[in-house]
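Worksheet: the structure to be examined is printed underneath.
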Amino acid sequence: MLARFKLSTRILLLGITFVACFSLIFTYLYPKIKQTMIDAKYVKTRHVVETAWGLLDYYAKQVKANAMPLEQARRQSIEAIRNLRYEGDDYFWINDMEPRMIMHPFKSELDGKPLSDNKDPNGKRLFVAMVEMVRSNGAGFVDYYWPKPGHTQPVPKISYVKGFPEWGWIIGSGIYLDDVLKEANRIFYIILTVVCIVAVGGFSLAYLMARSISRPIDHIIGELNSGADQVASASLQISSASQQLAEGASEQAASIEETSASIEEMSSITRQNAENAAQADQLMTRVQLIVAQALETMGRLTESMGDISRASDETQKIIKGIDEIAFQTNLLALNAAVEAARAGEAGAGFAIVAEEVRNLAMRSAEAAKNTTSLIDGTAKTIKGGSELVQRSSDEFSEVASSVSKVGQLVAEITGASREQAQGIEQISTAVNEVDKVVQQNAANAEECASGSEEMNSQAIQMKQFVEDLTALVKGGGANGVGKKPVENFKIASVSASGKGLSRKKAASPGAKGKEKGGVTYSKGQEPPALVIPLDVDGMRTF
């Protein structure tokens with residue numbers, strides 16, 4: 035039935051249906067929403083009355099606990115409840131079971147007066163009804179008419195009353211139904227406004243969608259026709275470029291193979307360098323040990339030379355003492371000779387002894403002098419040797435420092451050579467992978483060249499599809515229009531692995547399929563009539 039309507043009308047009908055459904059849902063839900071709001075007011079009124087009742091219960095417990103007298107508790111509870119408000123001007127009142135008004139915050143003229151004869155405009159004795167509700171149920175709702183605070187006109191009201199048996203009181207509070215109805219009406223008009231906005235927006239959107247669909251279709255048909263021509267031209271260029279790509283890929287593969295061989299040779303040399311560097315590192319470690327031992331030996335030699343120098347100084351002191359003793363002995367021998375000469379012949383023998391002692395003293399002095407000269411020369415030689423040993427020790431220290439630095443450099447060279455060898459191995463592996471990829475690209479390029487030839491024939495068939503689509507959208511006598519839709523034509527596709535092309539050629543002798551307007555559709559193709567399932571008459575009127 036909808037087939038006779040044009041597309042824009044269908045879209046507008048969709049929008050109307052949506053708005054109608056939304057309106058029906060709102061019409062169904064509004065009474066429920068209204069009743070839910072009233073029920074919520076009922077529950078809220080009961081809760082606030084029970085809260086105020088709890089205040090009375092508090093003061094009653096104070097009386098039981100002898101914390102305050104009964105009259106004071108009643109008076110304080112009345113004043114506390116008199117000042118309670120909620121939602122603006124909503125209030126509480128207290129009456130007893132007579133009924134008699136105990137406290138009304140806005141109609142103080144009722145305080146202390148009997149309420150049995152108080153009636154609403156419908157003649158209902160509302161306070162008597164409250165007493166009966168409390169006596170029968172302990173608490174409950176009572177409906178009646180009562181003026182709002184600051185007004186004289188009675189309006190519908192529902193109050194919740196609850197008895198306080200200990201003092202014989204009834205506490206209550208109520209809600210004015212016109213407030214609930216006003217709130218419900220406010221929500222109704224808000225939702226109605228939303229429905230109107232949605233309706234206007236939906237109709238506008240449907241109209242714009244209809245225009246946005248109809249105009250691009252003609253443009254798409256023209257672009258498809260132009261694209262088919264471009265595909266046919268591009269397929270020839272792709273075929274030529276693919277052939278050149280295949281040749282270039284083959285040359286690139288040969289170059290990569292040569293590069294791979296060079297990298298293998300470089301890798302071998304780098305590994306040999308790494309091994310040599312490792313051996314050099316071991317030798318430098320041994321040299322460091324030898325130099326350390328030499329430094330230790332030089333230190334000991336320096337200490338020995340110092341000991342010899344100190345011993346030479348002590349020897350000089352001893353020789354000096356011997357020289358002084360020889361000098362004193364010589365003086366004593368002279369004195370003895372003088373005394374022997376004075377003694378004459380009696381001292382002749384003593385003079386000979388004194389002469390010999392003098393000779394020995396002179397020889398001792400001469401020997402001490404010679405020894406001093408030798409020791410001085412030896413001391414100078416030892417001092418020079420000590421300086422040479424100290425200089426050698428300093429130079430050995432510098433050699434040890436240099437050897438340590440050389441050892442560190444050799445260790446770094448060894449590590450770098452090892453890393454370089456690993457890097458070259460990774461490069462070699464990557465080059466091998468690139469070689470495989472290049473060879474695969476060469477094979478794919480050859481397949482692409484073959485596929486581009488197939489693309490050319492498919493472009494011709496694509497032009498026929500465009501003619502069928504044009505007939506479907508605009509009407510006319512184009513091929514395939516008005517006939518039974520053909521089935522399952524599959525355009526040539528390249529396999530995901532790139533190792534070949536999977537193609538089903540149309541218009542081949544004996545191929546399965548149905549021919550429409552000179553075009554053969556084989557299995558796997560969706561014809562234009564199924565791609566855009568719109569009847570020709572509908573699209574023409576649209």
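Counting from 35, one number per residue, gives the positions in the sequence shown under my numbering. We put the CB at the ideal spot given by N, CA and C, even for glycine.
Beta-carbon to beta-carbon, I416 and I342 are separated by about 5 Å, close enough to satisfy the 8 Å threshold.
Under the three-state reduction of DSSP output, A402 falls in the helix class.
A308 sits away from S435, with the two beta carbons spaced by 8 Å or more. By the 16-neighbour rule on beta-carbons within 10 angstroms, C55 is exposed. Look at M167 here: in three-state DSSP terms it is helix.
Q327 and S426 have their C-alpha atoms spaced approximately 14 Å apart.
In this chain, the alpha helix (DSSP H) harbouring A107 covers 104-116. Taking the CA atoms as reference points, Q271 sits about 53 Å from F52. Pairing G418 with G340, the inter-Cα distance amounts to about 11 Å. Cα atoms of M71 and I128: separation of roughly 27 Å, rounded to the nearest angstrom. Taking C-beta atoms as the reference points, A295 and A483 fail to come closer than 8 Å. Straight-line measurement puts the Cα of Y62 at about 18 Å from the Cα of V232. Contact annotation, M164 with G206: C-beta distance approximately 6 Å; criterion of less than 8 Å satisfied. With the rule of 3 Cβ pairs closer than 8 Å, the region 152-172 does not count as touching the region 220-234.
When DSSP states are grouped into helix, strand and coil, M137 belongs to the strand group. As the crow flies, the alpha-carbon of E481 is around 16 Å from that of A268. The residues A360, in chain order, have a CB closer than 6 Å to that of S398 in the same chain once the five nearest residues on each side in sequence are set aside.
Distance from the Cα of R169 is smallest, within the candidate group F198, G146, V189, E143, for F198. Distance from A262 to A493 at the Cβ level is roughly 5 Å; contact confirmed, criterion being Cβ atoms closer than 8 Å. Assignment of W180 by DSSP, reduced to helix, strand and coil, places it in the strand class. Put simply, of A455, V465, T448, M332 the residue whose alpha carbon is nearest the alpha carbon of Q424 is M332. Ranked by how close their Cα comes to the Cα of H138, the residues K182, E292, Q96 have K182 in first place.
With a cutoff of 8 Å on beta-carbon distance, R116 and Y194 are scored as not near each other.
The residues S276, Q277, L279, A280, A283, in chain order, have a CB closer than 8 Å to that of A479 in the same chain once the five nearest residues on each side in sequence are set aside. The beta-carbon distance between T304 and Q454, rounded to whole angstroms, is 5 Å. This is short enough to meet the 8 Å contact definition. Partner residues in the beta bridge of K196, as assigned by DSSP, are A173, I205.
Using a Cβ distance threshold of 8 Å, A311 and I461 do not count as a contacting pair. Secondary structure note for N129: its beta strand (DSSP E) is the uninterrupted segment 127-130. Of A375, T43, Q456, the smallest CA-CA separation from A240 is found for T43. In terms of CA proximity to D154, P190 leads the group E298, L317, P190. By the CB criterion at 8 Å, A375 and V391 fall outside the cutoff. DSSP, reduced to helix, strand and coil, places K191 within a strand of the structure shown.
With contacts defined as CB atoms closer than 8 Å, M243 and I59 fail to qualify as a contacting pair. The beta carbon of D212 sits closer than 8 Å to those of V189, P190, all from its chain and outside the five residues before and after it, given in chain order. Straight through space, the alpha carbons of R220 and K68 are spaced by roughly 11 Å. In this structure, G236 places its C-beta atom within 8 Å of the C-beta atom of G49.
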